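Numbering (the working numbering), first residue to last: 80 to 553.
Glycine residues also receive a C-beta, built at the ideal position from the N, C-alpha and C atoms.
In this text, all values refer to a predicted model and were calculated from it rather than measured experimentally.
Below is one structure, written out as structure tokens, with a few remarks after it.
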């Protein structure tokens with residue numbers, strides 16, 4: 080999306096994942112690499128008026144089964160419940176990004192994984208720095224059509240400067256109805272209309288892949304998905320000229336979109352994490368770090384540190400101060416002390432073993448006077464970011480450290496880090512095979528022909544040897 084937007088000559092692109100910021104870091108990295116401007120946002124699922132959202136403290140409500148229609152249930156292919164209405168929120172500044180994150184957290188809180196609903200009332204108290212865009216429904220009156228209350232709240236809380244109604248066209252015979260609905264709502268509530276490509280893929284050729292991903296996400300097959308799949312491949316990224324042709328007679332809507340983008344200046348580059356550390360009055364983080372390191376050196380070397388180690392420590396402390404990462408070392412040291420105070424075994428590993436400061440603080444156990452330090456692997460002036468300090472804790476008592484962190488910093492300020500799982504060849508083949516309606520036996524046989532290092536050509540040869548007809552469309 081980012082690369083295509085840049086090639087089309089756009090001034091910026093707004094990325095809005097559904098109910099999260101899942102792709103924004105990779106998008107930011109690529110936008111920075113290719114010199115494009117990324118607008119950060121998300122599209123949030125809304126709780127409809129009258130809908131009761133049962134939130135359970137601790138986030139473990141009773142499991143609820145997926146709603147299915149009688150037809151799909153009888154065919155053994157579950158269909159997801161109708162889509163909820165959504166609202167796109169874009170960060171205009173750092174306050175907007177903060178409020179966006181808070182709204183996303185609130186929308187997910189106390190619900191099963193994969194469910195997210197934002198109550199409209201939450202918008203009032205977290206609107207600063209945000210611009211709200213109402214995407215129209217695929218057709219007027221559809222389940223995902225935005226409720227009337229939403230427009231009233233946006234008109235009151237955001238106003239025409241910070242809210243708009245989006246119009247998009249799909250050349251499916253419903254564009255006139257969608258456009259008229261967007262225009263009517265905008266006129267009634269005093270909001271502008273902005274034109275959007277509302278792209279689900281960057282190029283027309285990705286439509287089949289988008290359909291397969293939809294089926295994987297919803298646990299159905301291409302044959303059973305039916306009208307849940309787009310009727311054509313018009314949901315792709317367009318150039319400004321193409322948008323003006325698409326919205327002939329409503330070119331002002333395209334202009335409004337460009338004007339809005341100019342006001343959204345927030346970038347992820349503005350974010351800097353502040354690591355928690357306790358400071359005495361009048362002390363800086365660098366002062367505290369030097370004091371703790373000097374105390375550690377006296378413990379490690381009762382007779383005095385070797386000259387090479389002393390020089391290395393001075394070099395490291397200078398660099399740590401230069402790139403302003405002393406709080407990170409203090410935070411790490413504090414977590415290690417949590418474990419040590421409970422007599423829980425722990426030890427730093429990896430590139431941190433190249434640091435004389437980490438050894439003095441007791442984070443690592445490798446004496447730098449007995450090894451050849453390669454400190455630049457651990458921390459360098461060029462990277463200007465905190466290093467990666469990995470600490471192993473005694474497995475049976477690791478949970479004690481986690482709970483101590485929650486207790487000390489508060490559950491609203493401490494969290495488990497998340498990870499992004501990517502498909503490799505075997506898992507991709509299994510999921511795509513299911514979406515194509517292959518039997519489990521066929522899927523198992525197919526996935527068995529690939530290893531992580533095989534190419535598609537290698538797999539095709541083995542598939543033929545196993546009796547699969549490579550001329551079969553599936």
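With a Cβ-Cβ cutoff of 8 Å, do residue 86 and residue 92 count as a contact?
no
Quick check: is any heavy atom of the ligand ZN less than 7 Å from the C-beta of residue 237?
Looking for the ligand ZN in the displayed structure turns up nothing, as the structure carries no ligands at all.
Residue 536 in three-state terms, based on DSSP:
helix
My output table needs one value for residue 165: the three-state DSSP class, helix, strand or coil.
strand
Could you give the C-beta distance for residue 508 and residue 526, rounded to a whole number, given that I count them as a contact under 8 Å?
5 Å
Evaluate contact between the region 288–300 and the region 255–263, counting only Cβ atoms and requiring at least three cross-stretch pairs below 8 Å.
no
Note down, one range per segment and in chain order, each beta strand (DSSP E) of at least 3 residues found wholly within the region 191–239.
209–214
Starting from residue 124, trace the alpha helix (DSSP H) both ways and give me its first and last residue.
Here residue 124 belongs to no alpha helix (DSSP H); instead the beta strand (DSSP E) covers 117–124.
Exposure of residue 499, with buried meaning 16 or more beta-carbon neighbours within 10 Å:
exposed
Taking three-plus beta-carbon pairs below 8 Å as touching, is the region 351–366 in contact with the region 181–192?
no
Tell me the DSSP secondary structure of residue 523 in three-state form.
helix
For the candidate residues 357, 101 and 434, whose alpha-carbon lies nearest to that of residue 389?
434
Residue nearest to residue 214 in terms of C-alpha spacing, selected from 208, 189 and 168
168
Take every Cβ of the region 387–403, pair it with every Cβ of the region 445–459, and state whether three or more of those distances are shorter than 8 Å.
yes
With H, G and I counted as helix, E and B as strand and the rest as coil, what does DSSP make of residue 246?
strand
Would you mind working out which of 301, 453 and 401 sits nearest residue 510, comparing C-alpha positions?
301
Using 8 Å for Cβ pairs, my map puts residue 418 next to residue 375. What's the rounded Cβ distance?
Wrong, their Cβ atoms sit about 16 Å apart, outside the cutoff.
Taking only runs that begin and end inside the region 239–308, name each unbroken beta strand (DSSP E) of 3 or more residues, in chain order.
242–246 and 272–274
Under a three-way DSSP split, which group does residue 174 fall into?
helix
Given a cut-off of 8 Å on the beta-carbon distance, is the pair residue 364 and residue 396 in contact?
no
Counting Cβ pairs, one atom from each stretch, are 3 or more of them under 8 Å apart for the region 511–518 and the region 455–472?
no
Kindly list the residues whose CB is nearer than 8 Å to the CB of residue 98, restricted to its own chain and excluding five residues on each side of it in sequence; keep chain order.
121, 122, 123, 124, 183, 186, 187 and 195
Is the CB-CB distance between residue 176 and residue 119 below 8 Å?
yes
Close Cβ partners of residue 279 (< 7 Å) along its chain, the five nearest in sequence each way excluded:
289 and 314
DSSP state of residue 499 mapped onto helix, strand, coil
coil
DSSP-derived helix/strand/coil call for residue 454
helix
Could you check if residue 528 is buried or exposed, using at least 16 other CB atoms within 10 Å of its CB as the buried criterion?
buried
Using 8 Å as the cut-off, can you tell me whether the region 262–281 makes contact with the region 479–496, which would need three or more C-beta pairs spanning the two stretches below that distance?
no
Selection from 101, 219, 190 and 172 that minimises the alpha carbon distance to residue 134:
190
CA-CA distance, residue 303 and residue 518?
15 Å
Going by DSSP, name the residue or residues bridged to residue 427.
470
Can you check which of these residues, 114, 319, 211 and 88, is closest to residue 346 by C-alpha distance?
114
How long is the line joining the alpha carbons of residue 425 and residue 378, rounded to whole angstroms?
18 Å
Less than 8 Å separating the beta-carbons of residue 368 and residue 399?
yes
Per DSSP, what kind of secondary structure is residue 88 in: helix, strand or coil?
coil
Helix, strand or coil for residue 331? Go by DSSP, reduced to three states.
helix
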